[in-house]
Amino acid sequence: KAKIIQNQNYYVFDTELKQCHHSLIKIEQDIATGIKNNEFSVYYQAKFNIDGSKIVGAEALIRWNHTDMGMISPCKFIPIAEKSGDINLIGRWVFEHVCKKLSEWKHNSYDLVPISINLSRVELYQPDLRQFLQNTVEKYGVDSKLIEIEITETTALNDVDFINRKIKDIKSLGIAISMDDFGTGNSTLSNLKLVDIDILKIDRTLVSDIENDLKSKEMVATIIELSKKLGLEVVCEGVENLEQVQILKHTKCDIIQGFVFARPVDSLEFEHMIKNK
Ligand code: C2E
Ligand code: MG
Ligand code: MG
Ligand code: MG
Numbered sequence: 463k464a465k466i467i468q469n470q471n472y473y474v475f476d477t478e479l480k481q482c483h484h485s486l487i488k489i490e491q492d493i494a495t496g497i498k499n500n501e502f503s504v505y506y507q508a509k510f511n512i513d514g515s516k517i518v519g520a521e522a523l524i525r526w527n528h529t530d531m532g533m534i535s536p537c538k539f540i541p542i543a544e545k546s547g548d549i550n551l552i553g554r555w556v557f558e559h560v561c562k563k564l565s566e567w568k569h570n571s572y573d574l575v576p577i578s579i580n581l582s583r584v585e586l587y588q589p590d591l592r593q594f595l596q597n598t599v600e601k602y603g604v605d606s607k608l609i610e611i612e613i614t615e616t617t618a619l620n621d622v623d624f625i626n627r628k629i630k631d632i633k634s635l636g637i638a639i640s641m642d643d644f645g646t647g648n649s650t651l652s653n654l655k656l657v658d659i660d661i662l663k664i665d666r667t668l669v670s671d672i673e674n675d676l677k678s679k680e681m682v683a684t685i686i687e688l689s690k691k692l693g694l695e696v697v698c699e700g701v702e703n704l705e706q707v708q709i710l711k712h713t714k715c716d717i718i719q720g721f722v723f724a725r726p727v728d729s730l731e732f733e734h735m736i737k738n739k
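In UniProt numbering, the protein residues as written are 463 to 739.
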């Protein structure tokens, strides 16, 4: 776009901007109906032990197949939903969907693994969040030990007192808390002691270069070592190749989530993975 401005082709720039603006408005308007019309689904990305031989959990990731726009990435519609408030609809839909699946899988005697669900900061402000989580878990007879909630580092470290009250609420139900995207906010390691989390997820941006860059590698190694001293379970996100796996094995990372072992897949395919586990 910067190039277009340099060429003084303002017309093209302007229409492109307008179209983009229109699609953003359309996305905002269509979320609620999209949920009613079953346009959303949940994909599951397996998490593995360090050598990739065992599925130890999975992350639930929402997908939206819009009637006329096709697949829209959560990176695009989640921030919009957070602004409009529809994230509460989305979040509850995902949570209920996952609980329903867990109860289905239990009845089919699949090997159950904990499923983590992303929760936006906005959702933490809902006064009935704890009640909703409890009701839903009970409605489907789900063991709350099989559910984890992921909140991002930025969410977790903004207004720490408020967050800790919310974390306590959620943990009182037996649901574990994971800090997502660690290394992307502008926090420091000492912040890790401020919030009462159970699991730390080191972000892909920190992991992506460990096989080429000694500094990245040392940083990840230090975060893992400190986290373990603090009693946290560590997940490395966005692991894409076996060189990275090898390094993470040396640095004693417990859990790997990344394309190297599995991409996010629909529930049918995921069921296949845990059935044949
Ligand atoms: P996230 O929670 O950090 O989820 C991990 C993202 O990294 C997923 O993208 C996943 O597909 C991607 N990923 C996993 N392994 C690799 C890898 O090896 N390489 C690369 N390049 N990417 C990898 P996805 O599914 O597009 O989701 C993007 C973000 O959208 C999520 O980041 C999360 O912040 C948000 N999101 C997704 N589902 C939900 C949801 O149900 N609720 C909320 N509030 N946010 C969600
Ligand atoms: Mg996540
Ligand atoms: Mg993440
Ligand atoms: Mg992310």
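Think of the CB as a built atom: it goes at the ideal place given N, C-alpha and C, for glycine as much as any other residue.
Nearest-angstrom Cα separation, counted from residue j out to residue i
{"i": "Ile549", "j": "Asn674", "result": "38 Å"}
{"i": "Glu615", "j": "Val622", "result": "11 Å"}
{"i": "Leu586", "j": "Asp573", "result": "31 Å"}
{"i": "Ile637", "j": "Ser565", "result": "16 Å"}
{"i": "Val575", "j": "Tyr506", "result": "11 Å"}
{"i": "Gln596", "j": "Glu702", "result": "36 Å"}
{"i": "Ile467", "j": "Phe539", "result": "Bear in mind that a pLDDT of 44 at Ile467, under 50, signals an unreliable position, so the model cannot answer this."}
{"i": "Ile577", "j": "Asp530", "result": "31 Å"}
{"i": "Ser571", "j": "Phe557", "result": "21 Å"}
{"i": "Leu676", "j": "Val696", "result": "20 Å"}
Reference residue i, options the options, closest by Cα
{"i": "Glu521", "options": "Ile579, Asn499, Ala494, Ile487", "result": "Ile579"}
{"i": "Gly720", "options": "Ile664, Val584, Ser689", "result": "Ile664"}
{"i": "Glu699", "options": "Asp492, Leu486, Ile512, His484", "result": "Ile512"}
{"i": "Leu704", "options": "Ile672, Leu730, Pro726", "result": "Ile672"}
{"i": "Thr495", "options": "Ile552, Ile517, Lys545, Lys677", "result": "Ile552"}
{"i": "Asp643", "options": "Asp658, Phe624, Leu656, Leu668", "result": "Leu668"}
{"i": "Val560", "options": "Phe539, Lys516, Asp605, Lys545", "result": "Asp605"}
{"i": "Leu656", "options": "Thr713, His569, Thr617", "result": "Thr617"}
{"i": "Asp590", "options": "Lys607, Ile632, Asn653, Lys562", "result": "Ile632"}
Residue i, enclosing beta strand (DSSP E) - first and last residue
{"i": "Lys663", "result": "661-664"}
{"i": "Asn580", "result": "577-580"}
Opening and closing residue of the alpha helix (DSSP H) in which residue i lies
{"i": "Asp643", "result": "Where Asp643 is concerned, there is no enclosing alpha helix (DSSP H), although the beta strand (DSSP E) it sits in stretches over 638-644."}
{"i": "Ser689", "result": "676-691"}
One or two residues paired with residue i in a DSSP bridge
{"i": "Thr614", "result": "Asp642"}
{"i": "Ser670", "result": "Partner(s): none; Ser670 has no beta bridge."}
{"i": "Ser503", "result": "Arg525"}
| query | For the region 703-737, which segments carrying the beta strand (DSSP E) assignment without a break, of at least 3 residues, lie completely within its bounds, in sequence order? | reply | 717-719
| request: Enumerate, from N- to C-terminal direction, the unbroken beta strand (DSSP E) stretches of 3 or more residues contained entirely within the region 507-552. | output: 517-528, 532-534
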